[in-house]
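In our numbering, the protein residues as written are 124 to 539.
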């Protein structure tokens, strides 16, 4: 591969080590790298997930972020910390502000709460080469926040991310250029490469592709025929090529639809799920109205409890674009009545509103007072914006089946 025609940038991928656990350790005056600490989503539920485990806890007991609360061993040295998502978001913002002292905002691309890409092109005059900048940022984060991070360095985002995952988490800082791809990446099994999940791993393995090197040397036409655009991306990534932008407004994207869902803490019956669906429709339509959008396609997804398994996912289009809660709710109930088997309990539900349009002038209907319904929605939104999300709720939200009150206390589905 001739890399002469491909851009070479100075990109860092910075990952905070066991971020949630590290924040909780620092709050308690403990060393994040030596304390055995587990961050639990809900300490009142034995089946709640362990959101983060400190490096010491991972090493001694093999606890990971897919473990459950009840799986934690009976070890008096283990510190159990309830999740505080607001604290993690605040810390993430402060770390981003620190990075902003090295580069402009358009050179910072947050990937998640605890991971960020940083393009350091052109700042050598002030901070040194990219290795020196990586070391400086790593040390500044440790000194200012008490948190250890890993830094991958690459000629593009993909290389920076992959070398961070594969090497920097052990070495602290690691680099991969185009010239290093064959030696550092090709021997690695495909499932260890960022962007290749279990299903893709199985598909590639069936084709005799076990390592990234085998993927790089597999015929591009066959990969494209088998996987379409994804096959082409896999091929070019295997050669270390990634043309995604390294500067710009990375967060501004066109809204394709609005969705809201929840994994329920207990089995819901048909009558109870109707209340849950209404709360979800209320939130989706509120977000659509805030964006001055209305949608023509309404989707309902239901997953049953483990005892029966299965579920359904169905959508229906309406004649006029809508962001009226009861319009969406009525369609969802039609779908529920048609496809629910009436014998299974429900553990997950989600609704979406897509096929969006600008929320322009309301089309009049002789048999339905649509302008009044829309006005009610906007008035409720204004009250919530001024006095809080719980300032005005439907009566059903206060029942045991309602979800709005409980979710208002959380961020990202976890305790704030």
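Here a beta-carbon is modelled for each residue, glycine too, at the ideal position from N, C-alpha and C. As the structure is a prediction and not an experimental result, all values here were calculated from the model.
- Around the Cβ of residue 466, a 10 Å sphere holds fewer than 16 other Cβ atoms; the residue is exposed.
- The stretch 213–295 is shown to contain whole beta strand (DSSP E) runs of 3 or more residues at 231–235, 238–242, 272–277, in chain order.
- Out of 279, 261, 505, the CA that lies nearest to the CA of residue 413 is found in 505.
- Counting only runs of at least 4 residues, the stretch 382–430 fully encloses the following alpha helix (DSSP H) elements, listed from N- to C-terminal order: 393–413.
- Judged by beta-carbon spacing, residue 358 lies beyond the 8 Å limit of residue 424, meaning their Cβ atoms are not closer than that value.
- For residue 411, the closest of 399, 234, 191, 380 by C-alpha to C-alpha distance is 380.
- In the DSSP assignment, residue 434 falls within the unbroken beta strand (DSSP E) covering 434–445.
- Between residue 439 and residue 459, the gap from beta carbon to beta carbon reaches 8 Å or more.
- For residue 131, no alpha helix (DSSP H) segment is defined, and its DSSP state is neither H nor E.
- Taking each of 206, 158, 220, 171 in turn and checking the Cα distance to residue 199, the smallest one comes out for 158.
- DSSP, reduced to helix, strand and coil, places residue 325 within a helical segment of the structure shown.
- Apart from sequence neighbours up to five positions away, the residues of its chain that approach residue 384 with a beta-carbon distance below 8 Å are 403, 424, 471, 472, 473, 474, ordered along the chain.
- In this structure, the CA atom of residue 463 is about 10 Å from the CA atom of residue 456.
- When the Cα atoms are used, residue 252 and residue 288 turn out to be separated by approximately 22 Å.
- Counting only runs of 3 or more residues that sit fully inside the stretch 151–210, the beta strand (DSSP E) segments are 159–163, 173–176, 201–205, in chain order.
- In the three-state DSSP reduction, residue 502 falls in the helix class (H, G or I).
- Taken through DSSP and simplified to helix, strand or coil, residue 300 comes out as coil.
- In the three-state reduction of the DSSP assignment, residue 380 falls in the strand class, which pools E and B.
- Boundaries of the alpha helix (DSSP H) around residue 448: 448–462.
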